[in-house]
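Novice: Submitted below is the structure of interest, expressed as structure tokens.
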Amino acid sequence: MRLRALLDTDALGLRLLGGEDELDRSVRGVMTTDLRDPSRYLSGGELVLTGLAWRRDASDSEPFVRILAGAGVAGLAAGEAELGDVPDDLVEACLQHRLPLFAVNEIVAFATITEHVVRQVSGERAGDLAAVVDRHRRLMTSGPTGGGPEVVLDLLTSDLDLRAWVLSPTGRQIAGAGEPLAGHVGAALAGQHLAATRTGRRGPHRAEADGTTYSLFPIRNNGRGTVPAAPRDVRESVLSDWLLAVEADASDWPAARLDLLQGVTQLIAVERDRRDAARAVRRRLAQEVLELVQTGAAPSEIAARLRVAAPVLLPGLGTAPHWQVVVARVEWSGEEADLPGGQVAQALLEEILVDPAVTGPDSADRIAVAHTGDEAIALVPLPAVSPASSAPGGPTDVEGAERPEGASPAGAARDTGARERRDTALHADSLLATVRDPLSAGLADDGRLTLGVSAAVHSAEGLRGALEEARHARRVAAARPGRVCAAGHHELASHVLLLPFVPDDVRRAFTARLLDPLRDYDRRHRAELIETLEAFLDCDGSWTRCAARLHLHVNTLRYRVGRIEQLTGRDLSRLEDKLDFFLALRMS
Numbered sequence: 005m006r007l008r009a010l011l012d013t014d015a016l017g018l019r020l021l022g023g024e025d026e027l028d029r030s031v032r033g034v035m036t037t038d039l040r041d042p043s044r045y046l047s048g049g050e051l052v053l054t055g056l057a058w059r060r061d062a063s064d065s066e067p068f069v070r071i072l073a074g075a076g077v078a079g080l081a082a083g084e085a086e087l088g089d090v091p092d093d094l095v096e097a098c099l100q101h102r103l104p105l106f107a108v109n110e111i112v113a114f115a116t117i118t119e120h121v122v123r124q125v126s127g128e129r130a131g132d133l134a135a136v137v138d139r140h141r142r143l144m145t146s147g148p149t150g151g152g153p154e155v156v157l158d159l160l161t162s163d164l165d166l167r168a169w170v171l172s173p174t175g176r177q178i179a180g181a182g183e184p185l186a187g188h189v190g191a192a193l194a195g196q197h198l199a200a201t202r203t204g205r206r207g208p209h210r211a212e213a214d215g216t217t218y219s220l221f222p223i224r225n226n227g228r229g230t231v232p233a234a235p236r237d238v239r240e241s242v243l244s245d246w247l248l249a250v251e252a253d254a255s256d257w258p259a260a261r262l263d264l265l266q267g268v269t270q271l272i273a274v275e276r277d278r279r280d281a282a283r284a285v286r287r288r289l290a291q292e293v294l295e296l297v298q299t300g301a302a303p304s305e306i307a308a309r310l311r312v313a314a315p316v317l318l319p320g321l322g323t324a325p326h327w328q329v330v331v332a333r334v335e336w337s338g339e340e341a342d343l344p345g346g347q348v349a350q351a352l353l354e355e356i357l358v359d360p361a362v363t364g365p366d367s368a369d370r371i372a373v374a375h376t377g378d379e380a381i382a383l384v385p386l387p388a389v390s391p392a393s394s395a396p397g398g399p400t401d402v403e404g405a406e407r408p409e410g411a412s413p414a415g416a417a418r419d420t421g422a423r424e425r426r427d428t429a430l431h432a433d434s435l436l437a438t439v440r441d442p443l444s445a446g447l448a449d450d451g452r453l454t455l456g457v458s459a460a461v462h463s464a465e466g467l468r469g470a471l472e473e474a475r476h477a478r479r480v481a482a483a484r485p486g487r488v489c490a491a492g493h494h495e496l497a498s499h500v501l502l503l504p505f506v507p508d509d510v511r512r513a514f515t516a517r518l519l520d521p522l523r524d525y526d527r528r529h530r531a532e533l534i535e536t537l538e539a540f541l542d543c544d545g546s547w548t549r550c551a552a553r554l555h556l557h558v559n560t561l562r563y564r565v566g567r568i569e570q571l572t573g574r575d576l577s578r579l580e581d582k583l584d585f586f587l588a589l590r591m592s
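Quick note: the sequence shown uses our numbering, first residue 5, plus one each step.
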């Protein structure tokens with residue numbers, strides 16, 4: 005705003021005492037001070053309000069005004085409540101330094117002037133920024149010259165002093181201005197946003213994380229990506245839409261500022277559409293390979309498609325990759341249980357398979373996900389060990405490295421290569437570690453997400469088996485309780501595969517027969533027999549290791565185990581009885 009505008013507002017009670025030629029100066033803020041030297045708190049462009057408490061005699065006025073002029077303030081407004089009239093020496097000093105001077109009527113509070121200036125300046129900044137946002141939207145819509153969402157987020161910070169971040173539905177940061185948002189804060193905000201969206205509330209949503217208040221604005225997909233622009237049901241988009249998190253409470257914002265933030269979300273949605281369009285090639289490759297695998301095509305034909313896919317998914321890699329298959333399914337219950345979940349599962353897999361530490365909208369450019377029906381299938385490449393590293397004397401064959409007796413250097417290199425592939429492979433246990441909480445909020449009480457992960461395969465011949473393996477693992481995950489579950493290939497060769505499929509009544513009867521006598525005894529005597537049994541089995545029946553773990557004397561441990569055998573009629577020295585107890589504990 006201009007200084008001249010202050011004189012047009014009668015409620016401010018301002019009277020111009022000098023500096024009429026300088027009234028076109030811009031006011032960028034307001035400051036109240038009675039310090040003799042307030043320069044450390046000035047950045048230029050302020051309207052300074054003072055009650056003149058700093059003035060002891062006429063000689064103090066010129067130094068004070070000189071400091072203000074040197075700091076580049078827009079003007080000075082002096083209150084008349086303290087001295088009655090503004091002293092002539094102050095008027096003369098302002099004329100000398102060409103600093104506009106106003107007198108503030110004693111019936112007008114400085115707070116009234118401050119509130120007016122702040123409101124006007126903020127409104128003008130928002131209007132200027134809205135014009136910039138609109139121009140930026142047109143640039144991004146017509147071509148790639150807009151610079152991405154970071155540019156407009158930087159504008160929010162510089163012009164409106166708002167810190168903001170674009171987050172995925174799992175809380176991963178896609179864009180931001182300034183310091184990145186902590187991972188656990190992003191996940192917490194995403195969870196609160198998804199929970200609020202599932203209730204049908206309109207954004208922005210107020211949220212808190214680590215003692216800070218945020219406002220969460222949904223970023224709707226414009227329709228050229230995975231999910232339609234106007235879904236019939238919120239569940240079709242809730243798990244795929246991005247959100248804008250602003251570090252502020254927008255509940256009392258004026259409509260103009262809310263409209264501005266809505267414009268920002270529309271601008272970021274353009275970037276989302278562009279990201280989805282870039283993924284179209286990878287999705288098509290995955291769909292083609294999946295169709296060949298499912299229809300029983302010859303391995304040579306599948307291998308040819310993989311050779312086409314490898315440069316797209318692993319640019320610059322000279323050797324053929326190994327592959328893993330991940331299968332995901334999103335299922336809804338209730339009246340619309342037939343709601344299609346394949347596209348939602350596809351978008352979720354593309355997000356889940358991204359390293360949570362990686363930021364940016366294009367960080368999933370090596371993941372190919374197809375969908376069929378309610379199921380999404382990801383083809384995940386793993387870099388293979390290069391020929392140089394697997395050859396004798398190569399990087400993996402370190403001179404002097406310890407290797408098994410009689411093993412050749414080439415054999416040792418092959419072992420190292422296998423270890424490297426295991427290190428880079430996906431693990432079901434860790435895939436959902438950082439995303440389980442926010443996704444559970446989005447699934448609410450009527451949705452489930454289940455994932456299955458295959459072992460790594462090195463050729464086209466192995467893909468069909470990997471797909472079946474991943475599907476079996478997903479069925480194991482589906483048999484478990486919880487909204488978000490995953491299982492890996494290693495569980496298919498374990499008792500874990502069998503336990504979920506035991507009928508509930510059989511499980512209850514089996515565990516009750518073995519464990520209820522121990523639980524009853526523990527309740528009456530606080531003997532900790534269940535804890536002792538678990539530790540004893542976990543220590544493979546070793547008396548000394550179990551006693552050390554429980555901080556007991558071995559004789560005390562023997563007494564407890566004897567009591568367990570007496571109450572249940574079982575013998576813990578027999579393998580069959582140990583196995584029964586082990587399974588009962590796992591099923592309880």
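Note that beta-carbon positions come from the ideal geometry of N, C-alpha and C, so glycine has one too.
(1) Based on Cα-Cα distance, which residue from R287, V268, E96, I71 lies nearest to V52?
(2) What residue range does the beta strand (DSSP E) around H197 cover?
(3) Under 8 Å, do G190 and L220 count as touching if we go by C-beta distance?
(4) Taking all protein chains shown into account, do 16 or more other C-beta atoms lie within 10 angstroms of the C-beta of Q570, making it buried, or fewer, making it exposed?
(5) State the beta-bridge partners of W58 as determined by DSSP.
(6) Rounded to the nearest angstrom, what separates A470 and V348 at their Cα positions?
(7) Could you pull the DSSP bridge partners for F106 from this structure?
(8) On a Cα-Cα basis, can you pick out the residue from D263, T201, A213, I306 that is closest to A186?
(9) With the cut-off set at 8 Å, would you say L353 and V316 are in Cβ contact?
(10) Measuring CB to CB, does P325 end up less than 8 Å from A314?
(11) Taking Cβ to Cβ, would you say G180 is nearer than 8 Å to L157?
(12) Do the stretch 581–592 and the stretch 550–566 make contact, defined as three or more Cβ pairs closer than 8 Å?
(13) State the start and end residues of the unbroken beta strand (DSSP E) segment that holds R210.
(14) Identify which residue in A57, G79, S47 has its Cα closest to the Cα of L5.
(15) Measure the C-alpha to C-alpha separation of L447 and P521 and round it to an integer number of angstroms.
(16) Roughly how many angstroms lie between the CA atoms of G215 and T174, to the nearest whole one?
(17) In the DSSP output, what is V384 paired with across the bridge?
(18) Could you please give the first and the last residue of the uninterrupted beta strand (DSSP E) stretch that includes H375?
(19) Are E26 and P91 closer than 8 Å when you measure CB to CB?
(20) Taking C-alpha atoms, which residue in S255, R468, L16 lies nearest to E119?
(21) Using CA atoms only, rank isn't needed, just tell me which of W169, V312, I381 is closest to A252.
(22) Give me the DSSP bridge partner(s) of I223.
(23) Could you tell me which residues DSSP pairs with E50 in its beta bridges?
(24) Is it buried or exposed, S463, if we count other Cβ atoms within 10 angstroms and call 16 or more buried?
(25) I want to check one thing, is the minimum distance from the CB of V558 to the heavy atoms of the ligand FAD below 7 Å?
(26) Is V358 helix, strand or coil by DSSP?
(27) Exposed or buried, what is E473 when buried is set at 16 or more other beta-carbons lying within 10 Å of its beta-carbon?
(28) Apart from the five residues on each side of it in sequence, which residues of its chain come closer than 7 Å, Cβ to Cβ, to V293?
(29) Count the other CB atoms, across all protein chains shown, that sit within 10 Å of the CB of V285; report buried if there are 16 or more and exposed otherwise.
(30) Going by C-alpha distance, which of E335, A194, Y218 is nearest R239?
(31) Comparing alpha-carbon positions, which option in L46, A351, L262 lies nearest A281?
(32) Does the Cβ-Cβ distance between T13 and T37 come in under 8 Å?
Specialist: From the atom records:
(1) The residue you call residue 52 lines up with position 48 of the sequence shown. Ranking the options by Cα distance to V52, first place goes to I71.
(2) On the sequence shown, position 193 is the one that residue 197 refers to. Premise fails: H197 lies in the alpha helix (DSSP H), 187–202, not in any beta strand (DSSP E).
(3) Translated into positions along the sequence shown, residue 190 becomes position 186. Translated into positions along the sequence shown, residue 220 becomes position 216. Contact: no.
(4) To locate residue 570, count along the sequence shown from 1; it is residue 566. Its Cβ having fewer than 16 others within 10 Å, Q570 is exposed.
(5) Taking the first residue of the sequence shown as position 1, residue 58 is located at position 54. In DSSP, W58 forms no bridge with anything.
(6) Within the sequence shown, the letter at position 466 stands for residue 470. Within the sequence shown, the letter at position 344 stands for residue 348. Those two C-alpha atoms are separated by around 23 Å.
(7) Here residue 106 is taken as the residue at index 102 of the sequence shown, counted from 1. As a beta-bridge residue in DSSP terms, F106 pairs with L20, A81.
(8) Numbered from 1 along the sequence shown, position 182 holds the residue referred to as residue 186. Closest option to A186, Cα to Cα, is A213.
(9) Locating residue 353 in the sequence shown gives position 349, counting from the first residue. Locating residue 316 in the sequence shown gives position 312, counting from the first residue. Cβ atoms of L353 and V316: not closer than 8 Å.
(10) The residue given as residue 325 occupies position 321 in the sequence shown. The residue given as residue 314 occupies position 310 in the sequence shown. The answer is yes: Cβ separation under 8 Å.
(11) Along the sequence shown, one-based indexing puts residue 180 at 176. Along the sequence shown, one-based indexing puts residue 157 at 153. For G180 and L157, yes; Cβs fall inside 8 Å.
(12) no
(13) The sequence position of residue 210 within the sequence shown is 206, counting from 1. Note, R210: beta strand (DSSP E), 209–213.
(14) Taking the sequence shown and counting its residues from 1, one reaches residue 5 at position 1. Before going further, note that residue 5 is Met rather than Leu in the sequence given. Of A57, G79, S47, the residue nearest in Cα terms is G79.
(15) Taking the sequence shown and counting its residues from 1, the one referred to as residue 447 is at position 443. Taking the sequence shown and counting its residues from 1, the one referred to as residue 521 is at position 517. Whole-angstrom Cα-Cα distance: 39 Å.
(16) Sequence index remark: in the sequence shown, residue 215 carries index 211 (1-based). Sequence index remark: in the sequence shown, residue 174 carries index 170 (1-based). When rounded, the distance between both Cα atoms is 20 Å.
(17) Here residue 384 refers to the residue found at position 380 of the sequence shown. Q328, per the DSSP bridge assignment.
(18) Here the question's residue 375 lines up with position 371 in the sequence shown. 372–376 is the span of the beta strand (DSSP E), which, as asked, contains H375.
(19) Within the sequence shown, numbered from 1, the residue matching residue 26 stands at position 22. Within the sequence shown, numbered from 1, the residue matching residue 91 stands at position 87. Contact flag unset, no.
(20) Taking the first residue of the sequence shown as 1, we reach residue 119 at position 115. When each option's Cα is compared against that of E119, the closest is L16.
(21) Here residue 252 refers to the residue found at position 248 of the sequence shown. Looking at the Cα atoms, W169 is the closest of the given residues.
(22) Sequence index remark: in the sequence shown, residue 223 carries index 219 (1-based). Paired residues: W246.
(23) The residue labelled residue 50 in the question sits at position 46 within the sequence shown. E50 pairs with G33.
(24) Along the sequence shown, read from residue 1 onward, the residue named residue 463 stands at position 459. It is exposed - the Cβ of S463 has fewer than 16 other Cβ atoms within 10 Å.
(25) Judged by which ligands are present, the structure shown has none, so any question about the ligand FAD falls away.
(26) On the sequence shown, residue 358 is found 354 positions in, with the first residue counted as 1. Note: V358 maps to coil in three-state DSSP.
(27) Position 469 of the sequence shown, counted from the first residue, corresponds to residue 473. Counting Cβ neighbours within 10 Å, E473 comes out buried, since at least 16 surround it.
(28) Taking the first residue of the sequence shown as 1, we reach residue 293 at position 289. So the qualifying residues of the chain are I306, R309, L310, A313, L383.
(29) As a working mapping, residue 285 is identified with position 281 in the sequence shown. By the neighbour-count rule (16 or more Cβ atoms within 10 Å), V285 is not buried but exposed.
(30) Counted from its first residue, the sequence shown places residue 239 at position 235. Considering only alpha carbons, the answer is E335.
(31) Taking the sequence shown and counting its residues from 1, one reaches residue 281 at position 277. Ranking L46, A351, L262 by Cα distance to A281 puts A351 first.
(32) Mapped onto the sequence shown, residue 13 falls at position 9. Mapped onto the sequence shown, residue 37 falls at position 33. Going by C-beta atoms, T13 is not nearer than 8 Å to T37.
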